[in-house]
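**Q** Below is a structure I'd like to ask you about.
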Amino acid sequence: MKSDPGFYDYWPYENRPKIRWPGDKKMAFWVAPNIEFYELNPPANPSRKAWPQPYPATQGYSIRDYGNRVGHQRQMDLLDKYGIRGSISLSTALCDHHPEIIQMCKERNWEFFSHGIYNTRYTYGMSEQQERDMIKDSMETIYRHTGQKCAGYLAPALSHSELTLDFFAEVGTELFGNEGGIYTCDLFHDDQPTPIHTRSNKPFVSIPYSLEMNDTIAFVVNKIEPRRYGQMLKKNFDRLYAEANESGTIMCIPTHNYQVSCPHRMKAFEEALDYITSHDDVWVTTGKEIADYYLEHYYEHAKTDIAQKNAAFNAAALNAAFNKGAK
Amino acid sequence: MALDKSYLEYAHRSHGMDHDRYDWSMLTDRPNVTWPGGKKLALWVNVPLQFFPLDQKGEPFKIQGGMTMPYPDLRHFSLRDYGNRVGIFRFLKAFDKYGVTPTFAMNTELAKRNPYLLNTVKERGNEVMCHGMHMDALHFGGQDKQLETQLVQDSVNQLRELTEQDITGWLSPGRNESENTPELLAANGIKYFCDWVNDDMPYTFKTQQGHLWAMPLSNELDDAFIMLNNLHSEDAYAEQMIDACDFLIKEAKESGGRILSLNIHPWMLGQPHRIGALERVLEYVMSQDVYSASASDILSAFKSQVMP
Chain A
3 MKSDPGFYDY WPYENRPKIR WPGDKKMAFW VAPNIEFYEL NPPANPSRKA
53 WPQPYPATQG YSIRDYGNRV GHQRQMDLLD KYGIRGSISL STALCDHHPE
103 IIQMCKERNW EFFSHGIYNT RYTYGMSEQQ ERDMIKDSME TIYRHTGQKC
153 AGYLAPALSH SELTLDFFAE VGTELFGNEG GIYTCDLFHD DQPTPIHTRS
203 NKPFVSIPYS LEMNDTIAFV VNKIEPRRYG QMLKKNFDRL YAEANESGTI
253 MCIPTHNYQV SCPHRMKAFE EALDYITSHD DVWVTTGKEI ADYYLEHYYE
303 HAKTDIAQKN AAFNAAALNA AFNKGAK
Chain B
2 MALDKSYLEY AHRSHGMDHD RYDWSMLTDR PNVTWPGGKK LALWVNVPLQ
52 FFPLDQKGEP FKIQGGMTMP YPDLRHFSLR DYGNRVGIFR FLKAFDKYGV
102 TPTFAMNTEL AKRNPYLLNT VKERGNEVMC HGMHMDALHF GGQDKQLETQ
152 LVQDSVNQLR ELTEQDITGW LSPGRNESEN TPELLAANGI KYFCDWVNDD
202 MPYTFKTQQG HLWAMPLSNE LDDAFIMLNN LHSEDAYAEQ MIDACDFLIK
252 EAKESGGRIL SLNIHPWMLG QPHRIGALER VLEYVMSQDV YSASASDILS
302 AFKSQVMP
């Protein structure tokens with residue numbers, strides 16, 4: 003085990019090279035609906051239980067199924083109304099189970115990215131080959147059902163190994179060259195894209211996918227009231243919008259159809275979407291479009307800036323140590 | 002290090018569900034329904050009447066609202082009992098004031114122990130569904146089938162005798178089931194059950210004894226889920242019910258009748274500082290285009306338009 007995953011270098015939020023999004027927009031906004039399939043009776047994982055109760059876990063399973071049966075169409079209608087294309091974090095087995103949902107998303111030119119095969123199959127304990135196989139299966143499934151070359155990853159149920167991002171980047175290259183496996187949503191260290199180190203040294207970025215704005219984290223973990231969630235979304239937007247005068251920012255709302263699409267939560271969510279999309283200067287987009295644009299226009303510049311700053315910090319630290327020793 | 006190869010095998014990865022209990026179906030693909038009187042929204046107020054034993058075993062898990070302290074946990078035993086002595090009478094006044102038709106989900110053990118409350122319910126003539134034997138008699142995966150068979154049979158039949166009603170509805174204590182529960186319910190004359198929370202409308206659930214109807218009793222809108230689990234205020238509870246009501250009516254105008262199901266516990270909303278929130282909700286909902294009816298009547302109205 004490592005004390006630090008080592009995916010990125012320290013890079014202070016102030017004085018970074020200025021970002022401007024397409025059309026000279028100052029802020030990017032994307033919504034990432036997680037469209038998930040949870041199994042009623044998954045095989046056991048040694049590190050994590052899928053359900054707290056013995057099979058059948060009636061409540062936990064059925065509320066997640068609610069997301070697909072009832073919630074999906076509700077959220078889709080709302081995103082249509084505000085001109086937002088979803089970037090789907092997809093349990094890719096859903097292509098087999100519920101192709102009707104995939105079809106509706108395809109018709110709207112939504113993005114599909116990999117969230118593993120099932121949200122009840124965790125990465126913990128997998129061999130390197132098994133994890134690679136699982137990731138490859140998920141990306142091939144997306145391609146087979148949608149024709150899209152999977153660009154992004156969010157590990158199933160946020161279960162990782164030390165090599166998850168390396169595998170994803172490498173399998174992406176193997177399947178689709180530089181178009182596959184270019185961004186991750188697994189890291190929460192920044193409000194702007196960050197170059198990520200992978201073994202293969204390919205251009206690869208972390209795109210901000212906020213855990214704090216994630217409806218399941220808000221409603222289930224933090225137990226936030228629906229109307230307050232709507233207020234939080236607006237405040238999150240307001241601050242990032244103001245800061246974007248200095249350099250382009252990104253806001254993401256990760257959602258789940260079994261949470262935000264419940265009848266008592268839709269109104270506050272809609273108010274927030276209405277508010278956010280009523281602003282000028284906001285690029286309403288997808289995760290892949292942000293990653294593509296950043297890689298093309300800012301990635302190299304960012305890497306240079308990070309390297310120069312770290313060299314300067316390190317030189318200053320060395321100097322200080324030398325001067326201290328000299329006394 | 003590696004997981005067993007079965008961890009990367011996906012036996013049920015094909016169209017539909019990963020089990021054969023019910024068919025895959027999106028709500029928007031189903032025919033629209035209209036409630037009696039042309040109403041947009043059916044209001045199902047479901048009132049669990051519960052007995053939480055002081056000597057709780059908590060097998061295989063402790064349920065929400067149960068005992069949490071070392072024996073004897075007098076605080077929780079008596080706080081739950083409060084609902085059956087005090088809270089329920091505040092509920093009944095509110096129902097009558099706003100013209101609400103409640104459905105009672107009664108633990109059979111409570112019906113045995115509390116003849117006054119049983120009689121009150123009987124005299125009102127509202128529907129009673131079986132809520133299992135008591136709040137520590139759980140149904141769970143791996144449960145001995147003989148024991149569960151006896152438990153379901155006793156719970157349902159004894160409640161039929163006590164209430165003199167043809168009990169056709171079921172809500173499991175803790176809303177948990179074993180792999181056999183649906184068959185046992187169907188075998189005992191139960192027509193609908195309310196444990197699964199995957200829909201906003203009724204749907205058919207397969208058992209080897211014929212099908213059951215799954216009735217959509219929301220847990221997300223449950224008073225104890227919101228105020229005990231999520232620790233939201235009673236004012237926030239009322240806001241959430243009103244927002245849900247508005248949303249469902251809006252959806253119903255385009256997609257056909259919807260159901261607002263309020264599962265409310267007399268030991269929770271029946272407290273003096275919370276009852277006003279319930280009254281506010283009932284006043285608001287009943288001022289809308291609403292059909293207030295029992296679970297059975299809502300199901301009958303639904304079935305008369307949409308048969309499987």
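Residue numbers (this note's numbering), protein chains in the order written: chain A, 3 to 329; chain B, 2 to 309.
By construction, the Cβ of each residue, glycine as well, lies at the ideal position given by its N, Cα and C atoms.
It should be emphasised that the depicted structure is a prediction, and the values quoted were computed from it without experimental measurement.
1) Is the separation between the beta-carbon of LEU55 (chain B) and that of LEU111 (chain B) shorter than 7 Å?
2) Answer with buried or exposed for ASP236 (chain B), where buried requires no fewer than 16 other C-beta atoms within 10 angstroms of its C-beta.
3) Since VAL72 (chain A) and ARG134 (chain A) are thought to touch, with beta carbons under 8 Å apart, how far apart are those beta carbons, to the nearest angstrom?
4) For ASN132 (chain B), I'd like the list of residues in its chain whose CB is within less than 6 Å of its CB, leaving aside the five on either flank, ordered along the chain.
5) So that I know if they touch, is there some Cβ in chain A lying closer than 7 Å to that of GLY143 (chain B)?
6) Can you tell me where the beta strand (DSSP E) holding PHE178 (chain A) begins and where it ends?
7) Give the single residue among B:GLU280, B:ASP30, B:ILE260, B:ALA296 whose Cα lies nearest to the Cα of LYS40 (chain B).
8) Identify every run of the alpha helix (DSSP H) within the stretch 66-108 of chain B, keeping only runs that are complete inside it and at least 4 residues long; order them along the chain.
9) Three or more C-beta pairs under 8 Å: does that hold for the stretch 142-151 of chain A against the stretch 17-33 of chain B?
10) Quick check: TRP214 (chain B) and GLY88 (chain B), are their CB atoms within less than 7 Å of each other?
11) For PRO116 (chain B), return the contacting residues in chain A, with the cut-off set at a CB-CB distance below 8 Å.
12) Do the CB positions of ILE209 (chain A) and TYR243 (chain A) come within less than 7 Å of each other?
13) Taking the beta strand (DSSP E) that MET215 (chain A) belongs to, which residues open and close that run?
14) Are the stretch 236-249 of chain B and the stretch 277-285 of chain B touching by the rule of at least three beta carbon pairs closer than 8 Å?
15) GLY17 (chain B) versus chain A: which residues are under 7 Å apart at the beta carbon?
16) Confirm, please, whether the CB-CB distance from VAL157 (chain B) to LEU185 (chain B) is below 7 Å.
17) Helix, strand or coil, according to DSSP, for ILE21 (chain A) in the structure here?
18) I want to see whether chain A comes within less than 7 Å of LEU119 (chain B), judged by CB atoms only; does it?
19) Looking at C-beta atoms only, is the number of pairs between the stretch 19-28 of chain A and the stretch 300-313 of chain A that lie closer than 8 Å three or more?
20) Can you name, in chain order, every residue of its own chain whose Cβ lies under 6 Å from the Cβ of ARG275 (chain B), other than the five neighbours on each side?
21) DSSP three-state label for GLY59 (chain B), please.
22) Would you call THR69 (chain B) buried or exposed, if buried means 16 or more other Cβ atoms sit within 10 Å of its Cβ?
23) Which residues of the stretch 196-225 of chain A have a Cβ closer than 7 Å to any Cβ of chain B? Give them in chain order.
24) Output yes if chain B places a C-beta closer than 7 Å to the C-beta of ILE144 (chain A); else output no.
25) What residues match up with GLU113 (chain A) in a beta bridge as DSSP calls it?
26) Please tell me whether GLN77 (chain A) has its Cβ less than 7 Å away from any Cβ of chain B.
27) Can you give, in chain order, each stretch of the alpha helix (DSSP H) that sits fully within the stretch 177-206 of chain B and has at least 4 residues?
28) Quick one: does the C-beta of GLU124 (chain B) sit closer than 6 Å to a heavy atom of the ligand MN?
29) Could you pull out every residue in the same chain whose Cβ sits closer than 7 Å to the Cβ of MET106 (chain A), ignoring the five residues on either side in sequence?
30) So within the stretch 218-284 of chain B, which uninterrupted alpha helix (DSSP H) runs reach at least 4 residues, ignoring any that extend past its ends?
31) For PHE31 (chain A), does the three-state DSSP call read helix, strand or coil?
32) Tell me the DSSP bridge mates of MET2 (chain A)?
33) Taking only three categories from DSSP, how would you classify MET216 (chain B)?
34) Are any of the Cβ atoms in chain A nearer than 7 Å to that of ASN47 (chain B)?
35) One question on the structure: do LEU9 (chain B) and GLN131 (chain A) come within less than 7 Å of each other, judged by their Cβ atoms?
36) Could you tell me the distance, in whole angstroms, from the CA atom of ARG176 (chain B) to the CA atom of ILE252 (chain A)?
**A** Judging by the given coordinates:
1) Mapped onto the second sequence, residue 55 (chain B) falls at position 54. Mapped onto the second sequence, residue 111 (chain B) falls at position 110. With contacts defined as CB atoms closer than 7 Å, LEU55 (chain B) and LEU111 (chain B) fail to qualify as a contacting pair.
2) In the second sequence, counting from the first residue as 1, residue 236 (chain B) sits at position 235. Exposed is the call here.
3) In the first sequence, the residue the question calls residue 72 (chain A) occupies position 70. In the first sequence, the residue the question calls residue 134 (chain A) occupies position 132. Actually they are not in contact, since the Cβ atoms of VAL72 (chain A) and ARG134 (chain A) sit about 36 Å apart, beyond 8 Å.
4) Locating residue 132 (chain B) in the second sequence gives position 131, counting from the first residue. As written in the sequence, residue 132 (chain B) is His, which differs from the Asn given in the question. So the qualifying residues of the chain are PRO49, ALA106, MET107, ASN108, LEU172.
5) Locating residue 143 (chain B) in the second sequence gives position 142, where the first residue counts as 1. It does: the Cβ of GLY143 (chain B) has a partner Cβ on chain A nearer than 7 Å.
6) To locate residue 178 (chain A), count along the first sequence from 1; it is residue 176. From DSSP, PHE178 (chain A) is part of no beta strand (DSSP E) but of the alpha helix (DSSP H) over 166-178.
7) For the purposes of this step, residue 40 (chain B) is identified with residue 39 of the second sequence, where counting begins at 1. The option with the nearest alpha carbon to LYS40 (chain B) is B:ILE260.
8) The alpha helix (DSSP H) runs lying completely inside the stretch 66-108 of chain B and spanning 4 residues or more are 75-83, 89-99, given in chain order.
9) By the Cβ rule, the stretch 142-151 of chain A does not count as touching the stretch 17-33 of chain B, because fewer than three pairs are nearer than 8 Å.
10) One-based indexing of the second sequence puts residue 214 (chain B) at position 213. One-based indexing of the second sequence puts residue 88 (chain B) at position 87. Against a cut-off of 7 Å, the Cβ pair of GLY88 (chain B) and TRP214 (chain B) comes out as no contact.
11) For the purposes of this step, residue 116 (chain B) is identified with residue 115 of the second sequence, where counting begins at 1. Near PRO116 (chain B) there are no residues of chain A at all, since even the closest Cβ is about 32 Å away, more than 8 Å.
12) For the purposes of this step, residue 209 (chain A) is identified with residue 207 of the first sequence, where counting begins at 1. For the purposes of this step, residue 243 (chain A) is identified with residue 241 of the first sequence, where counting begins at 1. No. Outside cutoff.
13) As a position in the first sequence, residue 215 (chain A) is number 213, starting the count at 1. That residue, MET215 (chain A), is in no beta strand (DSSP E); it is neither H nor E in DSSP.
14) Taking 8 Å as the limit for Cβ pairs, the verdict is that the stretch 277-285 of chain B does touch the stretch 236-249 of chain B.
15) As a working mapping, residue 17 (chain B) is identified with position 16 in the second sequence. Chain A residues near GLY17 (chain B): HIS99.
16) Translated into positions along the second sequence, residue 185 (chain B) becomes position 184. Translated into positions along the second sequence, residue 157 (chain B) becomes position 156. Contact: no.
17) Here residue 21 (chain A) refers to the residue found at position 19 when the first sequence is read from its first residue. If DSSP states are grouped into helix, strand and coil, ILE21 (chain A) belongs with coil.
18) Indexing the second sequence from 1 puts residue 119 (chain B) at position 118. It does not: the Cβ of LEU119 (chain B) has no partner Cβ on chain A nearer than 7 Å.
19) yes
20) Numbered from 1 along the second sequence, position 274 holds the residue referred to as residue 275 (chain B). Result list for ARG275 (chain B): GLU235, in chain order.
21) For this step, residue 59 (chain B) is matched to residue 58 along the second sequence. In the structure shown, GLY59 (chain B) sits in coil (DSSP, three-state: anything other than H, G, I, E or B).
22) For the purposes of this step, residue 69 (chain B) is taken as residue 68 along the second sequence, with counting starting at 1. Exposed.
23) LYS225
24) Residue mapping note: residue 144 (chain A) aligns to position 142 of the first sequence, counting from 1. By this cut-off, ILE144 (chain A) is not an interface position.
25) Position 111 of the first sequence holds residue 113 (chain A). GLU113 (chain A) pairs with A:SER89.
26) Residue 77 (chain A) sits at position 75 when you count from the first residue of the first sequence. Chain B, which has no Cβ nearer than 7 Å to the Cβ of GLN77 (chain A), makes this no.
27) List check, alpha helix (DSSP H) in window: 182-188.
28) Looking for the ligand MN in the displayed structure turns up nothing, as the structure carries no ligands at all.
29) To locate residue 106 (chain A), count along the first sequence from 1; it is residue 104. MET78.
30) 235-256
31) Taking the first sequence and counting its residues from 1, the one referred to as residue 31 (chain A) is at position 29. Reduced to three states, the DSSP call for PHE31 (chain A) is strand.
32) Not covered by the structure: residue 2 (chain A). The range shown for chain A is 3 to 329.
33) One-based indexing of the second sequence puts residue 216 (chain B) at position 215. Coil.
34) For the purposes of this step, residue 47 (chain B) is taken as the residue at position 46 of the second sequence. Chain A contact via Cβ: absent.
35) Locating residue 9 (chain B) in the second sequence gives position 8, where the first residue counts as 1. Locating residue 131 (chain A) in the first sequence gives position 129, where the first residue counts as 1. Contact flag unset, no.
36) Counting from one through the second sequence, the residue named residue 176 (chain B) turns up at place 175. Counting from one through the first sequence, the residue named residue 252 (chain A) turns up at place 250. Distance between the alpha carbons of ARG176 (chain B) and ILE252 (chain A): 41 Å.
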